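So the protein lines, in turn, are chains F and P. Mapping to our numbering: the first sequence position 14 is 14, numbers consecutive. Position in the second sequence counted from 1, then plus 264, gives you our numbering. Reading through the structure tokens given below for one structure.
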Amino acid sequence: MDDLDQLEAQSIYILREAYRNLKPLAMLWSLGKDSNVMLWLARKAFLGRVPFPVMHVDTGKKFPEMYRFRDEYVRKWNLDLLLGDCPPVEEIDPTLPPAARSAARKTAGLAAMIEKYSLEGVIAGIRRDEQATRAKERVFSPRGSSHKWDVRNQPPEFWDQYATPHEEGVHIRVHPLLSWREIDIWRYIEREGIPLVDLYFSKNGLRYRSLGDQDITSPIESDAATVAEVIAELRTSRTSERAGRAMDHESEDAFERLRVAGYL
Amino acid sequence: MSNVPAAARQDAATPIVIVGHVDHGKSTLIGRLLHDTDNLPEGRVAQIVESSKKRGLKVEWSFLLDSLQIERDQGVTVDSTRIPFRLGDREFVIVDAPGHRQFLRNMITGAADAEAAVLVVDAAEGAQEQTRRHAMLLRLIGIRHVIVLMNKVDLLDYDPARIAETERAVAALLKQLDIEVSLFVPASAREGDNIASRSPHMGWYQGPTLTEALALVPAPSGRADLPLRLPVQDVYRFDTKRVVVGRIERGRVKVGDSLVIGTHGTVARVASIESWHTAPQISAVAGQSVAITLEPDVIPDRGDLLHQPGETPIRAARIRSRLFWLRQEPLRVGESFRLRLGTAEHQVTVASIDSVVRLDDLTEHPADHVPPEGFAEITLAASESILFDAFAPGTTDGRGVLVDRHQRIVGGAPLIGPAAIASGTKAIHPTDSTVSLWDRAQARGHRGGVFWMTGLPGAGKSTLARAAESRLFTQGIDVSVLDGDTLRAGLCADLGFSEEDRTENVRRAAAVARILAETGQVVLVALISPRAADRDLARQIVGDGFQEIFVDADQTVCEARDPKGLYAAARAGRISGFTGIDAPYEAPANPDLRLATGQDSVQDAAGRLASHITGAVVLGDQSRQRS
Chain F
1 MDDLDQLEAQ
11 SIYILREAYR
21 NLKPLAMLWS
31 LGKDSNVMLW
41 LARKAFLGRV
51 PFPVMHVDTG
61 KKFPEMYRFR
71 DEYVRKWNLD
81 LLLGDCPPVE
91 EIDPTLPPAA
101 RSAARKTAGL
111 AAMIEKYSLE
121 GVIAGIRRDE
131 QATRAKERVF
141 SPRGSSHKWD
151 VRNQPPEFWD
161 QYATPHEEGV
171 HIRVHPLLSW
181 REIDIWRYIE
191 REGIPLVDLY
201 FSKNGLRYRS
211 LGDQDITSPI
221 ESDAATVAEV
231 IAELRTSRTS
241 ERAGRAMDHE
251 SEDAFERLRV
261 AGYL
Chain P
265 MSNVPAAARQ
275 DAATPIVIVG
285 HVDHGKSTLI
295 GRLLHDTDNL
305 PEGRVAQIVE
315 SSKKRGLKVE
325 WSFLLDSLQI
335 ERDQGVTVDS
345 TRIPFRLGDR
355 EFVIVDAPGH
365 RQFLRNMITG
375 AADAEAAVLV
385 VDAAEGAQEQ
395 TRRHAMLLRL
405 IGIRHVIVLM
415 NKVDLLDYDP
425 ARIAETERAV
435 AALLKQLDIE
445 VSLFVPASAR
455 EGDNIASRSP
465 HMGWYQGPTL
475 TEALALVPAP
485 SGRADLPLRL
495 PVQDVYRFDT
505 KRVVVGRIER
515 GRVKVGDSLV
525 IGTHGTVARV
535 ASIESWHTAP
545 QISAVAGQSV
555 AITLEPDVIP
565 DRGDLLHQPG
575 ETPIRAARIR
585 SRLFWLRQEP
595 LRVGESFRLR
605 LGTAEHQVTV
615 ASIDSVVRLD
625 DLTEHPADHV
635 PPEGFAEITL
645 AASESILFDA
655 FAPGTTDGRG
665 VLVDRHQRIV
675 GGAPLIGPAA
685 IASGTKAIHP
695 TDSTVSLWDR
705 AQARGHRGGV
715 FWMTGLPGAG
725 KSTLARAAES
735 RLFTQGIDVS
745 VLDGDTLRAG
755 LCADLGFSEE
765 DRTENVRRAA
775 AVARILAETG
785 QVVLVALISP
795 RAADRDLARQ
805 IVGDGFQEIF
815 VDADQTVCEA
825 RDPKGLYAAA
835 RAGRISGFTG
845 IDAPYEAPAN
855 PDLRLATGQD
865 SVQDAAGRLA
875 SHITGAVVLG
885 DQSRQRS
């Protein structure tokens, strides 16, 4: 087994644990590269099916290409899609810096969906190497009734023994891609031929490395127009993946505050 | 299906854990290592410089890891974190584990799957408590390759004699644990000596630098050649096919193989290996998550261990195990847990504590309890036979976790082997309910709990307890009252009012209350319990769900009420040791609820008590719907 086989096997194991132990369960689908890989891994785990709904928490501000992609693959992959919307920015904590405040709409939208469907498990595609705060996460990460992430009091997690819901109002965030790195994602996309929104590929010298809302995500300078070229570019790149995400850079703790409050 | 060219094959990254006593320089080492080997993303160095400057420090490499605000401000690494790291063609993942004692569970979270460890020891200070604790943990999780980094040698002026002195002491310590040290590297993480480049100050050292030592760590050895162990993770029924899924922990499986199914012993043949978007598979090896169909179409359960005939695992109902104990309270004989072993779960009771490791010298001693965050050897007794393999370094099975009734992981248990059947009076075999507290709570709509009502004689404890009991009962809450006088009439009839007897009275009341609360009941205990230490004992016995209710009334009010004529008797000298007259009452400093019965009516106070209790125990709508 090479490294991608090992990552794949581990993610499949995690998805099967989640499906067995958490009910009801749903997977977040942000339409980006990571959540497409995650969806692909679910089809591997369940032999071509996705036996739980996928959720799109829609900020209403995604790129039009992403909405087209979503509608196409819901049909092609026979997905049970749950849509949720987000409250207007005026209802969000005004002490957050502007981009973080905008991103926090998604936290509120997600919380509403978890409540609406009484979800016990939510599968999310975050990775440790994306952001230092995410590096601290557990594969199965319990969230209290207010959906807050209790960084100081995380349960022990070792030998593939994961947290289970133990209390009223607790749900579990499941992170099957936690050990994957950005380049692993791309190499897997190449190996498996996983479809992506074409915003990831260079047009007029620009491409998106990470996709969020239109107004708080910016493209990078790049000529990488194919998966192979993106991989080649990443092998030499030294800038961080989320450099184009405004909310990560507004203040030292902006992203951490978002995450503690329940952001992905 | 895709027609993309196969990507270049790459080996999986080797996980390396970095451990050591707090302030011996782990975080600094990692920062230095990443920087000197050119593994830092652009902008990170500038970020560290900026962060350091803001706090009035020189360049602080540890800020790289302490990336959470709370950690930066405390200056302590809170949780473990993983950093990918490349040396030439080889990928590593550095696991940083905190040195702070109370964070052992975070450390084990990070370290459990490491292939090799770097134990950082301050060359001047030598091994400290956490050095020993971490070394012990490395042994229990079976890490075979240990590099000792003798750090801060610049502070010893690179003096070989003084460095060698510490090295000998550390070597002796690790030898005691049967840990083979691959190498001792004298180094200074702050100055960069012998980390990624050879130190100009230590001509006497001919061995490898840290990066050279890391490159020598052997790749994980394969588990594919061991006898097959495939624990069943789940069974799916898709269309008309029944598919058994799980991850192969040891060995390999092929279409056509005969497999024995767990403790049932049924034998079935592997009819197919199912997969999606891969070439058709006829065999699979350890590490793969597989899906198989069986012929005949038998239905195994989750947790059943599939193996080949003639290659049977150990089968025993009493198991000797090592233990690292993560709970903040001690472990005692007789406690029951779920043992999660791979995908299996078994109900087990701690039948004996065979030895406990003393952490100041790492020797093993008999003891009646395992202290918080302690290490021990114990015997677990299960109600049925368990199939397992002894834990061996380099394998992923044969090691379980203990889960308490609140579903918390409280210990790690690398299994040693079957235990002899114990005999004699000390062998206890308590049975434990398989119904979890949460199941019970969901069925009733409320949790169990113990509301310990303390106060002077005549303050109104029993009156309030009975009034609240009737209110709660009409709300559908399963409630009972343990009243001091009732207890003394029966269960505690042998006890008087000496300090020892009062403590024993509290202990018995608390033990009974705990049993009732564990069945899901709300228990109101009305007991003077005048001493704070006794009430602390009660809290400890009951554990979670204990609340202290202070029934507060002035002694003059109580004495005026004197419902049982006891104050009068005490004043007349007919009884002695009476709380409030000639025995002290220690009022609670921070009760969970205070009821002032001197001012409020019984109705008001009972109403407040009842609503406080419902607030604490009744589940929300969401949970009840789910049940």
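Where a beta carbon is used, it is the ideal one built from N, C-alpha and C, also for glycine. Computed from a predicted structure; not experimentally measured.
Neighbouring residues, chain F, relative to residue i (Cβ below 9 Å)
i: Glu538/P; result: Leu47
i: Gln497/P; result: Tyr13, Arg16, Glu17 and Arg20
i: Leu590/P; result: Pro156
i: Ala723/P; result: Near Ala723/P there are no residues of chain F at all, since even the closest Cβ is about 33 Å away, more than 9 Å.
i: Phe502/P; result: Phe46, Leu47, Gly48, Arg49 and Pro51
Neighbourhood of residue i by C-beta, 6 Å cutoff - its chain only, sequence neighbours within 5 removed
i: Leu736/P; result: Val743 and Ala874
i: Gln572/P; result: Leu492
i: His398/P; result: Val283
i: Ala796/P; result: Glu850
i: Ala646/P; result: Ala581, His610 and Val612
i: Ile334/P; result: Any reading at Ile334/P is ruled out, since the residue's pLDDT is 42, under 50, leaving its predicted position unreliable.
i: Val614/P; result: Val597, Glu599 and Ile642
Residue range of the beta strand (DSSP E) that includes residue i
i: Pro450/P; result: Val445 to Pro450
i: Asp386/P; result: Ala380 to Asp386
i: Ser536/P; result: Thr530 to Glu538
i: Phe255/F; result: Segment Ala254 to Val260 is the alpha helix (DSSP H) holding Phe255/F; no beta strand (DSSP E) there.
i: Asp418/P; result: Counting along the chain, Asp418/P falls outside any beta strand (DSSP E), and DSSP gives it neither H nor E.
i: Arg586/P; result: Ile578 to Trp589
i: Val283/P; result: Thr278 to Gly284
i: Ile294/P; result: Where Ile294/P is concerned, there is no enclosing beta strand (DSSP E), although the alpha helix (DSSP H) it sits in stretches over Lys290 to Asp300.
Segment limits, alpha helix (DSSP H) that includes residue i
i: Asp765/P; result: Glu763 to Glu782
i: Leu441/P; result: Note, Leu441/P: premise wrong, no alpha helix (DSSP H); not H, not E.
i: Arg825/P; result: Gln819 to Arg825
i: Val519/P; result: From DSSP, Val519/P is part of no alpha helix (DSSP H); its letter is neither H nor E.
i: Gly374/P; result: Leu368 to Ala375
Contact list for residue i against chain F, beta-carbon separation under 8 Å
i: Arg346/P; result: Arg128, Ala135 and Ser179
i: Ala376/P; result: Phe158 and Trp159
i: Ile372/P; result: Pro156 and Phe158
Own chain partners of residue i with C-beta closer than 7 Å, once the 5 adjacent residues on each side are dropped
i: Gln545/P; result: Ile537 and Ser539
i: Gln592/P; result: Pro636
i: Asp337/P; result: The predicted model places Asp337/P with a pLDDT of 42, which falls under 50 and marks its position as unreliable; any figure quoted below should be read in that light. No residues qualify anywhere along the chain.
i: Ala271/P; result: Confidence at Ala271/P is low in this model, with a pLDDT of 44, below 50, so the placement of that residue should be treated as unreliable; the coordinate-derived value is given next. Contacts found: none.
i: Tyr422/P; result: His465 and Met466
i: Glu192/F; result: Trp40
i: Ala691/P; result: In this prediction, Ala691/P has a pLDDT of 48, which is less than 50 and means its spatial position is unreliable; what the coordinates show is noted afterwards. Closer than 7 Å at Cβ, skipping near neighbours: Ala615.
i: Arg134/F; result: Ile126, Arg127 and Arg128
Cross-chain neighbours of residue i in chain P, by beta carbon under 7 Å
i: Ile12/F; result: Ser553
i: Pro87/F; result: The premise fails here: Pro87/F is roughly 20 Å from chain P at the closest Cβ pair, so nothing lies under 7 Å.
Residues near residue i by beta carbon distance below 8 Å, same chain, minus five either side
i: Asp816/P; result: Gly719, Ala723, Ala851, Arg858, Leu859, Ala860, Thr861 and Gly862
i: Ala656/P; result: Gly406 and Gly662
i: Asp198/F; result: Glu65
i: Val507/P; result: Val499, Tyr500, Arg501, Glu538, Ala555, Ile556 and Thr557
i: Gln6/F; result: none
Per-residue contacts from residue i into chain P (C-beta, under 8 Å)
i: His166/F; result: His670, Gln671, Arg672 and Trp702
i: Gln214/F; result: Simply none; closest approach about 24 Å.
i: Pro155/F; result: Arg369, Arg672 and Ile673
i: Arg173/F; result: Per Cβ cutoff of 8 Å: no residues; Arg173/F is ~16 Å from chain P at best.
Strand pairing of residue i, partner residues [DSSP]
i: Glu389/P; result: Note: Glu389/P sits in no beta bridge, so no partner.
i: Met1/F; result: For Met1/F, which the question treats as bridged, DSSP gives no partner whatsoever.
i: Phe349/P; result: Phe356/P
Listed by chain order, chain F residues near residue i by CB distance under 7 Å
i: Gln274/P; result: Asp2 and Asp3
i: Arg604/P; result: Gln161
Beta-carbon neighbours of residue i, restricted to chain P and to distances below 9 Å
i: Ala124/F; result: Correct list: empty, because the minimum Cβ distance to chain P is about 18 Å.
Inside the segment 621–709 of chain P only - alpha helix (DSSP H) runs reaching at least 4 residues:
701–708
What are the complete alpha helix (DSSP H) segments, minimum 4 residues, inside the segment 65–146 of chain F?
98–116
Ranges of the alpha helix (DSSP H) found wholly within the segment 457–508 of chain P, counting only runs of at least 4
474–479
Counting only runs that start and end within the segment 30–63 of chain F, where is the alpha helix (DSSP H) found for 4 or more residues in a row?
33–45
May I have a chain-ordered list of the beta strand (DSSP E) segments no shorter than 3 residues that lie completely inside the segment 149–227 of chain F?
171–174
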